[in-house]
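Asker:
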Amino acid sequence: MTYDLTGKRIWVAGHRGMVGGAVVRRLASEGCEVITAGRDVVDLVNQKAVDDWMAMSKPDVIVLAAAKVGGIHANATSPVDFLYENLMIEANILHAAHEANVERLLFLGSSCIYPKFAIQPIQEASLLTGALEPTNEWYAIAKIAGLKLVQAFRKQHGRDWISAMPTNLYGPGDNYDLTTSHVPPALLRKFHKAKESGDTEVVVWGTGTPLREFLHCDDLADALVFLLRSYSGDDHINVGSGVEVTIKELAETIAKVVGCDAVLTWDTSKPDGTPRKLIDSSRLHALGWNNARDLKEGIAQTYSDWVANG
Ligand code: GFB
Numbered sequence: 244m245t246y247d248l249t250g251k252r253i254w255v256a257g258h259r260g261m262v263g264g265a266v267v268r269r270l271a272s273e274g275c276e277v278i279t280a281g282r283d284v285v286d287l288v289n290q291k292a293v294d295d296w297m298a299m300s301k302p303d304v305i306v307l308a309a310a311k312v313g314g315i316h317a318n319a320t321s322p323v324d325f326l327y328e329n330l331m332i333e334a335n336i337l338h339a340a341h342e343a344n345v346e347r348l349l350f351l352g353s354s355c356i357y358p359k360f361a362i363q364p365i366q367e368a369s370l371l372t373g374a375l376e377p378t379n380e381w382y383a384i385a386k387i388a389g390l391k392l393v394q395a396f397r398k399q400h401g402r403d404w405i406s407a408m409p410t411n412l413y414g415p416g417d418n419y420d421l422t423t424s425h426v427p428p429a430l431l432r433k434f435h436k437a438k439e440s441g442d443t444e445v446v447v448w449g450t451g452t453p454l455r456e457f458l459h460c461d462d463l464a465d466a467l468v469f470l471l472r473s474y475s476g477d478d479h480i481n482v483g484s485g486v487e488v489t490i491k492e493l494a495e496t497i498a499k500v501v502g503c504d505a506v507l508t509w510d511t512s513k514p515d516g517t518p519r520k521l522i523d524s525s526r527l528h529a530l531g532w533n534n535a536r537d538l539k540e541g542i543a544q545t546y547s548d549w550v551a552n553g
């Protein structure tokens with residue numbers, strides 16, 4: 244299929260987040276009208292507020308990047324927030340989008356929807372074939388419900404809506420709070436602080452052995468626009484980079500980028516999470532999209548952006 248974005252009104256829900264911000268930047272050159280609404284304008288957890296906003300703003304297309312997100316510690320310690328807020332946000336937006344006859348919608352999930360011990364690289368078909376990783380099962384259950392609701396709207400009402408499952412992300416506009424962030428911004432901040440204050444040691448969580456695949460948010464945004472234009476199907480689509488490193492290798496890369504020679508020490512009282520999470524993006528590649536960005540180059544660009552813009 245080919246869907247022309249020219250002249251469409253596109254609501255990027257979650258534009259203040261890293262992914263939503265990247266999608267807004269990516270859409271700037273597409274000849275469409277991007278609309279956004281902060282928390283002060285619409286409370287996404289409130290169905291009536293979402294219905295009113297949708298009736299007033301009348302988007303043709305929605306990119307559903309709004310979500311309660313966080314790293315391993317935030318996920319493990321705030322299960323209600325991750326399950327409840329994400330269920331409400333996605334249910335409210337999908338329901339209101341149906342009422343408002345929204346033509347195209349792209350729902351964003353996460354690679355943590357897959358079983359903890361899924362066969363690697365993880366294919367889309369691995370969904371619901373095994374138990375989830377306990378540190379993020381609340382978020383995963385909410386995201387699985389979201390992609391199933393998209394499928395349900397396709398099946399029951401013929402909606403041409405789709406879902407994408409990105410791998411671990413990083414890039415400009417990330418959350419740098421050390422208790423709630425993901426690993427890339429946490430380590431950028433820790434190594435930066437060590438360099439500034441001359442600390443000789445940086446504490447990294449876990450054992451350093453887990454493997455993670457990392458994708459820059461601007462590459463994700465490019466893939467999402469590609470999917471909006473060209474994909475229609477019941478199945479969700481994985482979006483990965485194929486670039487997989489151990490947490491130890493990531494920490495060493497970040498130390499080099501920052502220019503910090505502090506020694507790494509491992510806090511093994513913190514969880515490792517899932518041992519490996521490399522997704523199989525061959526369906527996306529077969530559709531015609533490929534990721535080219537190098538991890539070190541992407542981390543360096545992210546670091547410069549953070550130092551310049553905070
Ligand atoms: O990025 P992260 O928090 O999320 O952690 P997950 C990845 C790995 O980095 C874990 C280690 O093994 C952490 O123990 N790590 C080392 C650190 N040092 C740090 C640090 O200072 N901060 C953090 N945050 N981690 C998330 C899920 O899992 O993946 C979310 O919790 C989401 O639901 C996301 O799906 C994509 O990759 O373990």
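Start counting the sequence shown at 244; every next residue gets the next number (the numbering used here). In this text, a Cβ means the ideal position worked out from N, Cα and C, and glycines have one as well.
1. Given 8 Å as the limit, is there contact between the stretch 429-443 and the stretch 264-284, that is, 3 or more CB pairs closer than that?
2. Taking Leu248 as the reference, which of Gly257, Gly449, Ala271 and Met261 has the closest Cα?
3. Starting from the Cα of Glu456, find the closest Cα among Ile480, Tyr546, Val488 and Gly264 and give me that residue.
4. How is the alpha helix (DSSP H) around Ser440 delimited, first residue to last?
5. Shortest alpha-carbon distance to Gln366 belongs to which of Ser321, Gln544 and Arg526?
6. Could you give the distance in angstroms between the alpha-carbon of Met331 and the alpha-carbon of Trp296?
7. Identify the continuous alpha helix (DSSP H) that holds Phe469 and give its terminal residues.
8. Report whether the distance from the Cβ of Thr508 to the nearest heavy atom of the ligand GFB is below 8 Å.
9. Compare the Cα-Cα distances from Ile336 to each of Ala308, Cys355 and Thr320 and report the closest residue.
10. For Tyr413, list the residues DSSP reports as bridge partners.
11. For Ala388 versus Leu470, is the C-beta distance shorter than 9 Å?
12. How would you label Gly416, buried or exposed, when you count the other beta carbons within 10 angstroms and need 16 or more for buried?
13. How far does the alpha helix (DSSP H) with Glu333 in it reach, from first residue to last?
14. I need the residues with a C-beta less than 5 Å from some heavy atom of the ligand FMN; please give them in chain order.
Answerer: For this structure:
1. no
2. Ala271
3. Val488
4. Val426 to Ser440
5. Arg526
6. 15 Å
7. Cys460 to Ser473
8. no
9. Ala308
10. His459
11. no
12. buried
13. Asn329 to Glu342
14. The ligand FMN is not part of the structure shown, which contains the ligand GFB as its ligands.
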